[in-house]
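Colleague: The structure that follows is given in the form of structure tokens.
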Amino acid sequence: MNLILFGPPGAGKGTQAEKLVNHFDLPHLSTGNIFRANIKNETPLGKKVKSILDSGELVPDETVVELVADELDNEKYDEGVIFDGFPRTVGQAEALDQYLEENDKKVDAFVTLDVPEEELINRILSRDEGRTDDTPEKVKTRLEVYRNETEPVLNYYKKQGLVEEINGVGDVDEIFERIKKAVS
């Protein structure tokens, strides 16, 4: 199963992805984790990504798609994958669909976590990731970028009839049960 876990920053994608990975025994592909590893290891890509993220912008599609396609070539993804934080633009979604089609695969489910903006801001500011963009102003910028550049991905997959909208507010386990019910 190829599942996309979608939602704005702070919606709980990473938390739910971990639970889905364990439940479905599928690998987790998080562009955020790939970026953070590159930033931590100060690779050329990491330095480039850090400066982009520090400004509150999104990493260019070509860079992200290249990174993800390279990762997906690993045989551990042969039985499926849980995407977290990808695709973030319609261009990335189209590139993903093309990659999967070329490999006789497809997106099986698209789960979006719905969380009110005030709750998102509170969650982001209360978590301790040490991100330089976790300030009220930068969080609002990230949410605005999400609405303008990322939310259209939702409509892209709605047209394909793949979207499952999940209430992302509540206990972590309650939200997980909603997701499991939606994708089973």
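In this text, residue positions in the sequence shown follow UniProt numbering: the first is 1, and each later residue adds one.
We put the CB at the ideal spot given by N, CA and C, even for glycine.
This one's a predicted model, so the numbers in the text were calculated from it and none came from an experiment.
For the beta strand (DSSP E) that contains A93, what are its first and last residues?
Modeller: Unbroken run through A93 is the alpha helix (DSSP H), V90 to E102; no beta strand (DSSP E).
Colleague: Rank V139, A109 and V183 by C-alpha distance to the C-alpha of A11 and give the top, closest one.
Modeller: V139
Colleague: Assuming V163 contacts P8 under a Cβ cut-off of 8 Å, what Cβ separation, rounded to an integer in Å, is found between them?
Modeller: The pair is not a contact, with the Cβ atoms about 15 Å apart (cut-off 8 Å).
Colleague: Less than 8 Å between the CB atoms is what I'm expecting for E174 and T112, so what's the real figure, rounded?
Modeller: Their Cβ separation, rounded to whole angstroms, is 17 Å, which puts E174 and T112 out of contact at 8 Å.
Colleague: Reducing DSSP to helix, strand and coil, say where A109 ends up.
Modeller: strand
Colleague: So the beta strand (DSSP E) L58 belongs to, where does it begin and stop?
Modeller: No beta strand (DSSP E) holds L58; DSSP gives it neither H nor E.
Colleague: Going along the chain, which unbroken runs of the alpha helix (DSSP H) with 4 or more residues stay wholly within the region 142-175?
Modeller: Taken in chain order, the unbroken stretches of alpha helix (DSSP H) that lie wholly in the region 142-175 and span 4 residues or more are 152-158.
Colleague: Please identify the residue among Q160, N41 and G56 whose C-alpha is closest to the C-alpha of K106.
Modeller: Q160
Colleague: Are there three or more Cβ pairs, one per stretch, closer than 8 Å when the region 18-27 is compared with the region 36-56?
Modeller: The region 18-27 makes no contact with the region 36-56; the number of CB pairs closer than 8 Å stays below 3.
Colleague: Note down the Cα distance separating L20 from V172, rounded to an integer number of angstroms.
Modeller: 12 Å
Colleague: Measure the alpha-carbon distance for N148 versus G91 and round it to whole angstroms.
Modeller: 14 Å
Colleague: By a C-beta neighbour count over all protein chains shown, 10 Å radius and 16 as the cutoff for buried, is A93 buried or exposed?
Modeller: buried
Colleague: Terminal residues of the continuous alpha helix (DSSP H) containing L120?
Modeller: E117 to S126
Colleague: Less than 7 Å between C-beta atoms, sequence neighbours within five positions excluded: which residues of the same chain meet that for V65?
Modeller: Q92 and A95
Colleague: My parser needs the alpha helix (DSSP H) runs of 4 or more residues fully inside the region 9-94; what are they?
Modeller: 13-24, 31-40, 44-54 and 61-72
Colleague: Would you tell me roughly how many angstroms separate the C-alpha atoms of D84 and I4, rounded to the nearest one?
Modeller: 6 Å
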